[in-house]
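**Student:**
2 protein chains.
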Amino acid sequence: MRDPAMIETVAVIGLGTIGTGWVARFAAAGLAVRAFDPDAAQREALPEAIRQVLRDGGHGEAAEALRLSLHDTLEEAVSGADFIQENVPERQAIKADVLGRLDRAAPVDVIISTSTSGLMLGQFQEALSAPERTVVGHPFHPVYLMPLVEVVPGPRTAPEAADAAARFYERVGHVAVTLQKEAPGHLVNRLQAALWREAVACVEDGIASVEQVDKAVVNCLGPRWSVVGPHMAFHLGGGKGGLRHFVEQLGPGIQKRWNEFRTPDLAAMTDTLVRGVEEEAGGRDLNTLQRERDRKLSALLAHLAG
Amino acid sequence: MRDPAMIETVAVIGLGTIGTGWVARFAAAGLAVRAFDPDAAQREALPEAIRQVLRDGGHGEAAEALRLSLHDTLEEAVSGADFIQENVPERQAIKADVLGRLDRAAPVDVIISTSTSGLMLGQFQEALSAPERTVVGHPFHPVYLMPLVEVVPGPRTAPEAADAAARFYERVGHVAVTLQKEAPGHLVNRLQAALWREAVACVEDGIASVEQVDKAVVNCLGPRWSVVGPHMAFHLGGGKGGLRHFVEQLGPGIQKRWNEFRTPDLAAMTDTLVRGVEEEAGGRDLNTLQRERDRKLSALLAHLAG
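Read top to bottom, the protein sequences are chains Z and S. Per this note's numbering, the first sequence starts with residue 1, numbered consecutively. Per this note's numbering, the second sequence starts with residue 1001, numbered consecutively.
Below is the structure:
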């Protein structure tokens, strides 16, 4: 695999929200980006959008020095790239086609990383000629702000490819967590879905409203888990005996609760949840809410990094 | 109920970690505190511990002006108090005895709030002469830092008592979320347990280590949920259609994952989890880790509040 410290040019394939976020992230780190999307309008809008994101994020110099080329075929975008980040729609047939074309177009020492959140790499690797250099590099929205990238090896990914991808992501300012094997939803979206399942059950049972759930999480679990993860939080909440004492004291009660959790019917709860989040929004439109979130998140992440 | 804006003197019953945290919170807000614990050593250590917490938290003036009296009976501590915060051990018989004594000792317009996390108020209210002024006021560790208090009415709590307790907690700088009814674990500990259940399942399945789970949460879900709650996060992740579009697009996949989640055996996983968190600690002892957490959490909460 190419040395992650020497990667100079990245191909970004698919320019939706995630692909655009990657372009901004790579450009902010001073790398050259070769971008492809089959939709010409997406391509043409890209440079100005990236410059805007970079300027807003305090990367004025990177905006001036932007090295971004637009390509109307995938093969042309990949040519000369040291690393490939793929972000095409989350549909089996599209992913299979694009990963196959990337595999044929790129030298075998170039890593092909897919941003997929909902699919698993294992189902595509058999059809590739060099599956060992393919890996999942799953980022979080907004990609140019959120630190984490999940690096997930498929069954045929070479350990050195996963390792090189992780080191490359760290180089562009991400925090990489390399999972031990693939699973539907990787790790974070599983954890997030598990908490949300119980939140929806609590709303359905009339324990709390949508807005109360959000307010409780924002004023407790969010700040706590920005500082220590769930295991470390319990380790430090267990008195002198740490996590072992915590589990000995509270384990039976937690196990009982685990056993009693139930699975709500999301489709049946949709109207209630949408009404609840609209009450929480209190008339602010999506655009306003998004700008507010980005401003707060950006300031928070700068605080945490500083 | 007494007007929460006029509360001047608070009785704090039980001076473990939670009780001590409440004393610091009330003292920082300039209130007079009457404290009781059956253990004389706990009582005697209190004033210096509180002054230390106040000074470390930038409340030097409150430390100088501290109005804290120590009492060797519960009844004496309660005498003259406008609000009672109870924090005795989480055992049914002890709580029943203490709540009964508080109920007999305090005028009926004084709110008795219990910090219980593991018990429910409903099982105690029948035995009280004035159950309508009892409520759960469940804080989070460290009480003098963490914004959230869950206010939980029992079946016989008067709505105006829950409302007055919430307003009083807001007055001393907390964010109060008043649940609609009681449930085992209230709200936040249920949500936390739900995420942890899936985290332990992922560790057991060999998807991720304890340290990887913590690192992923700290670098993604923690910061995200410090800014927007889980529903609002999905609302803003649904493109132009908000939460409804999000559920229509991703709902079936999420429902499938919900249905497939399984319940690990916590007792069988304890050794693995303890080993994992010790690796994560990397030789730092509990004291060091706690100080590190408190320093980071305190700075983070100051950032979020400012």
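Ideal Cβ positions, reconstructed from N, Cα and C, are used throughout, including at glycine.
How about Z:P153: is its C-beta nearer than 8 Å to some C-beta of chain S?
**Tutor:** In the first sequence, the residue the question calls residue 153 of chain Z occupies position 153. So no, Z:P153 is outside the interface.
**Student:** Opposite Z:P4 in the DSSP bridges: which residues?
**Tutor:** As a working note, residue 4 of chain Z is residue 4 in the first sequence. DSSP, once it has assigned bridges, lists no residue as partnering Z:P4.
**Student:** So if I threshold CB-CB distances at 8 Å, which residues from the segment 1137-1150 of chain S count as touching chain Z?
**Tutor:** Listed by position, the residues of the segment 1137-1150 of chain S near chain Z (Cβ gap below 8 Å) are F1140, H1141, M1146, P1147, L1148, E1150.
**Student:** To the nearest angstrom, report how far apart S:A1127 and S:G1100 are at their CA atoms.
**Tutor:** The residue given as residue 1127 of chain S occupies position 127 in the second sequence. The residue given as residue 1100 of chain S occupies position 100 in the second sequence. In a straight line, the C-alpha of S:A1127 is about 7 Å away from that of S:G1100.
**Student:** Suppose the cutoff is 8 Å on Cβ atoms and the five residues either side in sequence are ignored; what does the same chain contact list for S:I1050 look like?
**Tutor:** Translated into positions along the second sequence, residue 1050 of chain S becomes position 50. These residues qualify, in order along the chain: T1020, V1023, A1024, A1027, A1063, L1066, L1068.
**Student:** Considering just the uninterrupted stretch of the beta strand (DSSP E) at Z:R34, what are its terminal residues?
**Tutor:** Here residue 34 of chain Z refers to the residue found at position 34 when the first sequence is read from its first residue. Element bounds for Z:R34: 32-36.
**Student:** Return the CA-CA distance between S:E1292 and Z:G58, expressed in angstroms with no decimal places.
**Tutor:** As a first step, residue 1292 of chain S must be located in the second sequence, where it is residue number 292. As a first step, residue 58 of chain Z must be located in the first sequence, where it is residue number 58. One C-alpha to the other measures close to 30 Å.
**Student:** Cβ closer than 7 Å: which chain S residues qualify as neighbours of Z:N219?
**Tutor:** For the purposes of this step, residue 219 of chain Z is identified with residue 219 of the first sequence, where counting begins at 1. Within chain S, the residues near Z:N219 are P1147, L1148, V1175.
**Student:** Taking only the alpha-carbon atoms, compute the straight-line gap between S:A1096 and S:W1258 and give it to the nearest angstrom.
**Tutor:** Taking the second sequence and counting its residues from 1, the one referred to as residue 1096 of chain S is at position 96. Taking the second sequence and counting its residues from 1, the one referred to as residue 1258 of chain S is at position 258. If I take the Cα positions, the gap works out to 38 Å.
**Student:** Taking a contact to mean a Cβ-Cβ separation below 8 Å, would you say S:V1203 touches Z:P230 in this structure?
**Tutor:** Within the second sequence, residue 1203 of chain S is the residue found at index 203, counting from 1. Within the first sequence, residue 230 of chain Z is the residue found at index 230, counting from 1. Not a contact, by the Cβ cut-off of 8 Å.
**Student:** Taking Cβ-Cβ distances shorter than 9 Å, what residues in chain S pair up with Z:Q42?
**Tutor:** What you label residue 42 of chain Z is simply residue 42 of the first sequence in a count that begins at 1. Under the 9 Å cutoff, chain S gives no residues; its nearest Cβ is about 15 Å from Z:Q42.
**Student:** Starting from the C-beta of Z:I7, find all residues in its chain whose C-beta is less than 8 Å away, skip the five residues before and the five after it, and write them out in chain order.
**Tutor:** Taking the first residue of the first sequence as position 1, residue 7 of chain Z is located at position 7. L31, D82, F83, F168, R171, listed in sequence order.
**Student:** Name the residue from S:G1122, S:T1272, S:R1156, S:V1177 whose alpha carbon lies nearest to the alpha carbon of S:P1147.
**Tutor:** As a working mapping, residue 1147 of chain S is identified with position 147 in the second sequence. The shortest C-alpha separation from S:P1147 is found at S:V1177.
**Student:** Could you list the residues in the segment 1262-1277 of chain S with a C-beta less than 7 Å from some C-beta on chain Z, going in chain order?
**Tutor:** Result list: T1263, L1266, A1267, T1270, L1273, V1274, G1276, V1277.
**Student:** Alpha carbon to alpha carbon, what distance is there between S:A1164 and S:P1004?
**Tutor:** For the purposes of this step, residue 1004 of chain S is identified with residue 4 of the second sequence, where counting begins at 1. For the purposes of this step, residue 1164 of chain S is identified with residue 164 of the second sequence, where counting begins at 1. In a straight line, the C-alpha of S:P1004 is about 6 Å away from that of S:A1164.
**Student:** By the 10 Å Cβ neighbour count, where 16 or more other Cβ atoms means buried, how is S:Q1192 classified, buried or exposed?
**Tutor:** Locating residue 1192 of chain S in the second sequence gives position 192, counting from the first residue. The residue in question, S:Q1192, is buried, as its Cβ has 16 or more Cβ neighbours within 10 Å.
**Student:** Between Z:R34 and Z:T9, is the Cβ-Cβ spacing less than 8 Å?
**Tutor:** Along the first sequence, one-based indexing puts residue 34 of chain Z at 34. Along the first sequence, one-based indexing puts residue 9 of chain Z at 9. The answer is yes: Cβ separation under 8 Å.
**Student:** Report the residues of the segment 54-86 of chain Z with a CB closer than 8 Å to any CB of chain S, ordered along the chain.
**Tutor:** Answer in chain order: no residues at all.
**Student:** Quick check on the DSSP output: what are the complete beta strand (DSSP E) runs of length 3 or more inside the segment 1143-1230 of chain S, in order along the chain?
**Tutor:** List check, beta strand (DSSP E) in window: 1148-1152, 1175-1178.
**Student:** Quick check on S:S1117: buried or exposed, where buried means 16 or more other Cβ atoms within 10 Å of its Cβ?
**Tutor:** Mapped onto the second sequence, residue 1117 of chain S falls at position 117. Buried.
**Student:** So with Cβ pairs under 8 Å, would you call Z:H247 a contact of chain S?
**Tutor:** By 1-based counting over the first sequence, the position of residue 247 of chain Z is 247. First, the amino acid is wrong: residue 247 of chain Z is Val here, not His. Yes - at least one Cβ of chain S is within 8 Å of the one on Z:V247.
**Student:** Contact between the segment 128-139 of chain Z and the segment 103-114 of chain Z is defined here as three or more beta-carbon pairs at a separation below 8 Å; is this criterion met?
**Tutor:** Touching, per the Cβ criterion.
**Student:** Using a Cβ cut-off of 8 Å, pull out every chain Z residue sitting near S:A1183, in sequence order please.
**Tutor:** The count along the second sequence starts at 1 and reaches residue 1183 of chain S at position 183. Result: C202, D205, I207.
**Student:** Exposed or buried, S:S1226, counting other C-beta atoms within 10 Å across all chains shown (16 or more means buried)?
**Tutor:** Locating residue 1226 of chain S in the second sequence gives position 226, where the first residue counts as 1. Counting Cβ neighbours within 10 Å, S:S1226 comes out buried, since at least 16 surround it.
**Student:** Please classify S:A1040 as buried or exposed, where buried requires at least 16 other C-beta atoms within 10 Å of its C-beta.
**Tutor:** By one-based count along the second sequence, residue 1040 of chain S stands at place 40. Answer is exposed; the Cβ neighbour count stays below 16.
**Student:** Could you give the first and the last residue of the continuous beta strand (DSSP E) run that contains S:S1113?
**Tutor:** Looking up residue 1113 of chain S in the second sequence gives position 113. First-last of the beta strand (DSSP E) with S:S1113: 1111-1114.
**Student:** By how many angstroms is the C-alpha of S:Q1125 removed from the C-alpha of S:R1104?
**Tutor:** Along the second sequence, one-based indexing puts residue 1104 of chain S at 104. Along the second sequence, one-based indexing puts residue 1125 of chain S at 125. Answer to the nearest angstrom: the Cα atoms are 13 Å apart.
**Student:** Does the beta carbon of Z:W22 sit closer than 8 Å to a beta carbon anywhere in chain S?
**Tutor:** Along the first sequence, read from residue 1 onward, the residue named residue 22 of chain Z stands at position 22. So no, Z:W22 is outside the interface.
**Student:** So, for S:R1156: in the same chain, excluding its five sequence neighbours on each side, which residues have a beta-carbon less than 7 Å away from its beta-carbon?
**Tutor:** Counting from one through the second sequence, the residue named residue 1156 of chain S turns up at place 156. Cβ within range, chain order: Q1125, P1131, E1132.
**Student:** Between the Cα of Z:P159 and the Cα atoms of Z:G237, Z:R55, Z:L179, Z:V88, which residue gives the shortest distance?
**Tutor:** As a position in the first sequence, residue 159 of chain Z is number 159, starting the count at 1. Per the Cα distances, Z:L179.
**Student:** Use the C-beta contact count for S:D1311: other C-beta atoms within 10 angstroms, 16 or more gives buried, fewer gives exposed.
**Tutor:** With chain S represented from 1001 up to 1306, any question about residue 1311 of chain S goes unanswered, as that position is not in the structure.
**Student:** Could you tell me the alpha carbon to alpha carbon distance between S:R1262 and Z:E90, rounded to whole angstroms?
**Tutor:** As a position in the second sequence, residue 1262 of chain S is number 262, starting the count at 1. As a position in the first sequence, residue 90 of chain Z is number 90, starting the count at 1. Their backbone Cα atoms lie some 26 Å apart in a straight line.
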